[in-house]
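What follows is a short report on a single structure.
2 protein chains.
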Amino acid sequence: MATIYQVSELAGVSLATVSRVMNNNARVSEKTRSKVLAAMAQLGYRPNTIAQSLASNRSNSVGILVSELHGPFYGDMLAGIENECRAAGKHVIIAAGHSEEASEIDGIEFLISRSCDALILHVEAVSDDYLIKLAAGNIPVVLINRYIPQLAENCICLNNELGGYLATKQLLQQGHRQLAYIAGPMWKSDAKDRYAGHLRAMAEYGVTFNPALFAEGDFQDSSGSACMQQLLDKKLPFTALVCANDEMAAGAMEVAREHGLQVPEQLSIVGFDNLILARYIHPKLTTIDYPVGEMGRMAARWVMKHIYQQQALALKNVFEPVLVCRESACELSSLT
Amino acid sequence: MATIYQVSELAGVSLATVSRVMNNNARVSEKTRSKVLAAMAQLGYRPNTIAQSLASNRSNSVGILVSELHGPFYGDMLAGIENECRAAGKHVIIAAGHSEEASEIDGIEFLISRSCDALILHVEAVSDDYLIKLAAGNIPVVLINRYIPQLAENCICLNNELGGYLATKQLLQQGHRQLAYIAGPMWKSDAKDRYAGHLRAMAEYGVTFNPALFAEGDFQDSSGSACMQQLLDKKLPFTALVCANDEMAAGAMEVAREHGLQVPEQLSIVGFDNLILARYIHPKLTTIDYPVGEMGRMAARWVMKHIYQQQALALKNVFEPVLVCRESACELSSLT
DNA sequence: TAGTATAATGTAAGCGCTTTCATTTATAGC
DNA sequence: GCTATAAATGAAAGCGCTTACATTATACTA
């Protein structure tokens, strides 16, 4: 592999000049620039990124921590981030945190030890305090799907409350008045916010919320099934169900089917997230779109702007979810 | 951040000694070792991985190229790889190739320019020749889901032929004799192999393959729908359908439903890959399990063994798929 | 045409490690 | 106690770049 030294020799200039044309920052005359470029081409020169990093104290890498690498959700996020980063010549180092505090911290330290220029984190278990301290350190942090007031600038979030509101409103508009709700784990802020949106819509339509028609799941499909079973066991009538995410909706739908309930004819269901699976299950799930890919992309842009000085970029911190109408929710009047 | 120099000062030894205890390779007396360790702890010292890389000419990073970051398939693969690598303190740099030759090559070069110690590739578009040349270079390559005879040692594959065979055999055992087949794009070797397995099973059972009941899709669900439509349009009877992957099976199932066909009562369907979606669609899809996660893990082990000299590891190059029975395929006798 | 500002290029000192080779210290044999 | 050998440590030269500072070439001004 050719080094900068050989390029400089071939081009008949100094190392510094070669370096300058590489980083095309300093002023180099057109003549020497092309000489250098030619020498590079001739040697098939590729800068050694490690040496660049050591000398410039910048690794050109951004560390990403997600809860899981598999699953439909994080993949989209990663895709958005990778796309944006690679276009800028930065690379992406990934780690998984598995929604456990120890593992998340371990992942973050791992990333730090790899001298990333910035961190994009999707963490759930780690405390606000930890993140605030982390952000106060010398490595910039951007948080996806987590809002911490002190770090507002660094948070890229979805307006979950609005999502919960939209999901519920759709059902209310379709004439439903007896709604059940399957929540996510209420210690997670997104679960809480979605629920708050649900309540707001209910209030707006003057429908009183019935605590007996509420169940708390854990965002997994199995808990969706379990919650649905609970709800059904109470023998209370309800014509619609809003689930705090698609996976639970899928689980709930299955239980409904086992009980001979026609969806949506006898029970309308709406989910949240708009995972790919929402298109595959039958009937196709009406849900709230979560633009994870876009948000990942935005997180990457944040980094480009703040760390790699691409001033021009416009940033957006909070995304508005939108309702995706499919087949699992319908007018109450069509109830058999 | 403390440097090795400060550690050496505090411990009262030379840089070289500190370096030695870090890499605990050279012989250092217990006494000085503990002195150094204490100094490190006191300073909260963390080696600068960039400097280590530059000096040792080893980046401790492995580059991964997958077709897509999103989607259910690659996520599992990444999870397997990341897991294994992190346990060994290596980091993972990712890039997406989008199944296009130019993009794949670009991704590979990107990874190389990042001085990865090894590459784990899941590439589809790039030619065998390119890969052979690449592997002949100075950066080791391991291929997932691609078999190139000259690179046999470096390939981690699934026995796709066996999978195709098993899927088909299941249906034949259930008494079906009129089978339709929706293939993947036949220029992809896995699509070809799965199809070959199908033919073998058919031959074994003395069933003649009817070319009219064959359609070629592109592994996407929409093509599954389109192919199913084509098949149905021919008005030829068939009681079972094998699809070269789950997504196409899902698409096909939907079209079947639209045509009023009961699955599995009137049409048995089997897929391939065992994606998460196979559990979510209704009826749950009988399919062939593709152990991507395990294979990713194995690819990482390959790297550990060959590049990072962890001799002890046992390697496995070809994985055997297994049938996962769910609800979408049943005995022919139960046909209404 | 000298005098000055400015642009272009070069020099050399690191960045924080690893590693070779030389030196010192410990261990053993007699 | 003294040499022969092995074990432990140190000195210093890089790894391939960036960058502050010094120097030289060029363009203007008066």
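Residue numbers (the working numbering), protein chains in the order written: chain X, 1 to 336; chain W, 1 to 336. Built from N, CA and C at the ideal position, the CB exists for glycine as well.
Exercise. Mind listing the chain W neighbours of ARG46 (chain X)? Cutoff is C-beta to C-beta under 7 Å, in chain order.
Key: As a working note, residue 46 (chain X) is residue 46 in the first sequence. Here the neighbours are SER113.
Exercise. Compare the C-beta of GLY75 (chain W) with all C-beta atoms of chain X and state if any pair is closer than 9 Å.
Key: Here residue 75 (chain W) corresponds to residue number 75 of the second sequence, with the count starting at 1. So yes, GLY75 (chain W) belongs to the interface.
Quiz item: Cα-Cα, which of X:LYS234, X:GLY251, X:LYS31, X:ALA201 is closest to LEU213 (chain X)?
Solution: As a first step, residue 213 (chain X) is located in the first sequence; it is residue number 213 there, counting from the start. Comparing Cα positions, the closest option is X:LYS234.
Exercise. Take GLN220 (chain W) and list the residues in its own chain whose beta-carbon comes closer than 8 Å to its own, dropping the five residues that flank it on each side.
Key: Your numbering for residue 220 (chain W) matches position 220 in the second sequence. The residues are GLU247, MET248, GLY251.
Self-check item: Option in W:LEU285, W:GLU68, W:ILE50 with minimal Cα separation from SER61 (chain X)
Solution: As a working note, residue 61 (chain X) is residue 61 in the first sequence. Residue W:ILE50 is the option with its Cα nearest to SER61 (chain X).
Quiz item: chain W partners of VAL92 (chain X), CB-CB under 7 Å?
Solution: By one-based count along the first sequence, residue 92 (chain X) stands at place 92. The CB of VAL92 (chain X) comes closer than 7 Å to the CB of ILE93, ILE94 in chain W, given here in chain order.
Quiz prompt | Neighbourhood of GLY164 (chain W) by C-beta distance below 7 Å, restricted to the same chain and skipping five residues each side | solution = Locating residue 164 (chain W) in the second sequence gives position 164, counting from the first residue. Residues ASP193, ARG194, TYR195, ALA196, GLY197, HIS198 of the same chain have their beta carbon placed closer than 7 Å to that of GLY164 (chain W), with the five preceding and five following residues left out of the count.
Quiz item: Does ARG257 (chain W) get closer than 9 Å to chain X when you measure Cβ to Cβ?
Solution: In the second sequence, residue 257 (chain W) corresponds to position 257, counting from 1. Answer yes: the Cβ-Cβ gap between ARG257 (chain W) and chain X drops below 9 Å somewhere.
Quiz item: Can you tell which of W:GLY137, W:SER115, W:LEU65 has the C-alpha that lies nearest to the C-alpha of SER53 (chain X)?
Solution: Numbered from 1 along the first sequence, position 53 holds the residue referred to as residue 53 (chain X). The option with the nearest alpha carbon to SER53 (chain X) is W:SER115.
Quiz item: In chain order, what residues of the stretch 79-91 of chain X put their CB closer than 9 Å to some CB of chain W?
Solution: Within the stretch 79-91 of chain X, ALA79, GLY80, ILE81, GLU82, ASN83, ARG86, GLY89, HIS91 place their CB atoms closer than 9 Å to a CB of chain W, listed in sequence order.
Practice problem: Tell whether a beta-carbon distance below 9 Å holds between LEU78 (chain W) and ILE94 (chain W). | Solution: Numbered from 1 along the second sequence, position 78 holds the residue referred to as residue 78 (chain W). Numbered from 1 along the second sequence, position 94 holds the residue referred to as residue 94 (chain W). Yes, Cβ-Cβ distance for LEU78 (chain W) and ILE94 (chain W) is below 9 Å.
Self-check item: Residue closest to ASN317 (chain W), alpha-carbon to alpha-carbon, out of W:SER34, W:ALA136, W:LYS284, W:CYS155
Solution: Sequence index remark: in the second sequence, residue 317 (chain W) carries index 317 (1-based). Of the candidates W:SER34, W:ALA136, W:LYS284, W:CYS155, the residue whose Cα lies closest to the Cα of ASN317 (chain W) is W:CYS155.
Exercise. At 4 residues or longer, and completely inside the stretch 207-261 of chain X: list those alpha helix (DSSP H) runs for me, N to C.
Key: With a minimum length of 4 residues, the continuous alpha helix (DSSP H) runs that stay inside the stretch 207-261 of chain X are 221-233, 246-258.
Quiz item: Looking at C-beta atoms only, is the number of pairs between the stretch 105-114 of chain X and the stretch 126-142 of chain X that lie closer than 8 Å three or more?
Solution: Contact holds between the stretch 105-114 of chain X and the stretch 126-142 of chain X, because three or more Cβ pairs, one in each stretch, are under 8 Å apart.
Practice problem: Have a look at LEU134 (chain X) and MET1 (chain X) and give me their C-alpha separation to the nearest angstrom. | Solution: For the purposes of this step, residue 134 (chain X) is taken as the residue at position 134 of the first sequence. For the purposes of this step, residue 1 (chain X) is taken as the residue at position 1 of the first sequence. So the two alpha carbons sit approximately 39 Å from each other.
Quiz item: Can a CB atom of chain W be found closer than 9 Å to the CB of GLY217 (chain X)?
Solution: Start at 1 with the first residue of the first sequence, and residue 217 (chain X) comes out as number 217. In terms of beta-carbon proximity, GLY217 (chain X) stays away from the interface with chain W, with every pair separated by 9 Å or more.
Practice problem: Find the residues of chain X that neighbour HIS282 (chain W), judging by a C-beta separation of less than 9 Å, and give them in chain order. | Solution: Taking the first residue of the second sequence as 1, we reach residue 282 (chain W) at position 282. Neighbourhood of HIS282 (chain W) in chain X, by CB distance below 9 Å: MET253, GLU254, ARG257, ILE281, HIS282, in chain order.
Practice problem: Verify the CB distance criterion: does SER223 (chain W) have a CB-CB separation below 9 Å to chain X? | Solution: On the second sequence, position 223 is the one that residue 223 (chain W) refers to. Chain X contact via Cβ: absent.
Quiz item: Can you tell me whether DSSP reads SER113 (chain X) as helix, strand or coil?
Solution: By one-based count along the first sequence, residue 113 (chain X) stands at place 113. SER113 (chain X) sits in a helix when the DSSP states are folded into three classes.
Quiz prompt | Span of the beta strand (DSSP E) around VAL322 (chain X) | solution = Here the question's residue 322 (chain X) lines up with position 322 in the first sequence. That run of the beta strand (DSSP E) goes 322-324.
Practice problem: Give the range of the alpha helix (DSSP H) segment to which ILE93 (chain W) is assigned. | Solution: Numbered from 1 along the second sequence, position 93 holds the residue referred to as residue 93 (chain W). Note, ILE93 (chain W): premise wrong, no alpha helix (DSSP H); beta strand (DSSP E) at 91-96.
Self-check item: THR168 (chain X) (DSSP reduced to helix, strand or coil)
Solution: For the purposes of this step, residue 168 (chain X) is taken as the residue at position 168 of the first sequence. Of the three classes helix, strand and coil, the one that applies to THR168 (chain X) here is helix, per DSSP.
Quiz item: Do ALA244 (chain X) and TYR181 (chain X) come within 9 Å of each other at the CB atom, strictly closer than that value?
Solution: Taking the first residue of the first sequence as 1, we reach residue 181 (chain X) at position 181. Taking the first residue of the first sequence as 1, we reach residue 244 (chain X) at position 244. Yes.
Quiz item: From this set, W:CYS85, W:ARG33, W:GLN6, W:GLU204, which residue's C-alpha is nearest PRO47 (chain W)'s C-alpha?
Solution: Counted from its first residue, the second sequence places residue 47 (chain W) at position 47. With distances taken between CA atoms, PRO47 (chain W) lies nearest to W:GLN6 out of W:CYS85, W:ARG33, W:GLN6, W:GLU204.
Quiz item: Is the CB-CB distance between GLY293 (chain X) and HIS70 (chain W) below 9 Å?
Solution: Here residue 293 (chain X) is taken as the residue at index 293 of the first sequence, counted from 1. Here residue 70 (chain W) is taken as the residue at index 70 of the second sequence, counted from 1. Contact: yes.
Self-check item: With 16 other Cβ atoms within 10 Å as the buried cut-off, status of TRP187 (chain W)
Solution: In the second sequence, the residue the question calls residue 187 (chain W) occupies position 187. Flag for TRP187 (chain W) reads exposed.
Quiz prompt | Candidates W:GLY75, W:ALA203, W:GLN178, W:ALA299, of which the one nearest VAL242 (chain W) by Cα | solution = For the purposes of this step, residue 242 (chain W) is taken as residue 242 along the second sequence, with counting starting at 1. The residue with the shortest Cα to Cα distance from VAL242 (chain W) is W:GLN178.
Quiz item: Mapping DSSP to helix, strand and coil, what is SER268 (chain W)?
Solution: Translated into the one-based positions of the second sequence, residue 268 (chain W) becomes position 268. It is a strand residue.
Quiz item: Which residues of chain X have a Cβ atom closer than 7 Å to the Cβ of HIS198 (chain W), listed in chain order?
Solution: On the second sequence, position 198 is the one that residue 198 (chain W) refers to. Result: empty, since nearest Cβ-Cβ is about 24 Å, beyond 7 Å.
Exercise. For SER103 (chain X), name the three-state secondary structure that DSSP assigns.
Key: Translated into the one-based positions of the first sequence, residue 103 (chain X) becomes position 103. Note: SER103 (chain X) maps to helix in three-state DSSP.
Quiz prompt | Entirely enclosed alpha helix (DSSP H) segments - the stretch 16-62 of chain X, minimum 4 residues | solution = Whole alpha helix (DSSP H) segments, 4+ residues: 30-43, 49-56.
Practice problem: Please report how far the alpha carbon of HIS176 (chain W) lies from the alpha carbon of GLU265 (chain W), in whole angstroms. | Solution: Translated into positions along the second sequence, residue 176 (chain W) becomes position 176. Translated into positions along the second sequence, residue 265 (chain W) becomes position 265. Straight-line Cα distance between these residues: approximately 12 Å.
Self-check item: Interface residues of the stretch 100-129 of chain X facing chain W [CB-CB below 9 Å]
Solution: When C-beta distances to chain W are compared with 9 Å, the residues of the stretch 100-129 of chain X below that value are ASP106, GLY107, GLU109, PHE110, LEU111, ILE112, SER113, ARG114, SER115, in chain order.
Quiz item: What is the rounded straight-line gap between the Cα of ASN57 (chain W) and the Cα of GLN310 (chain W)?
Solution: On the second sequence, position 57 is the one that residue 57 (chain W) refers to. On the second sequence, position 310 is the one that residue 310 (chain W) refers to. Using only the alpha carbons, I get a separation of about 18 Å.
Practice problem: Give a yes or no on contact between the stretch 24-44 of chain W and the stretch 80-87 of chain W, applying the rule of three or more CB pairs nearer than 8 Å. | Solution: At 8 Å Cβ cutoff, the stretches do not touch.
Quiz prompt | ALA201 (chain W) versus W:PRO237, W:VAL303, W:LEU162, W:SER59, residue with shortest Cα-Cα distance | solution = If you number the second sequence from 1, residue 201 (chain W) lands on position 201. Checking every option, the nearest Cα to that of ALA201 (chain W) belongs to W:LEU162.
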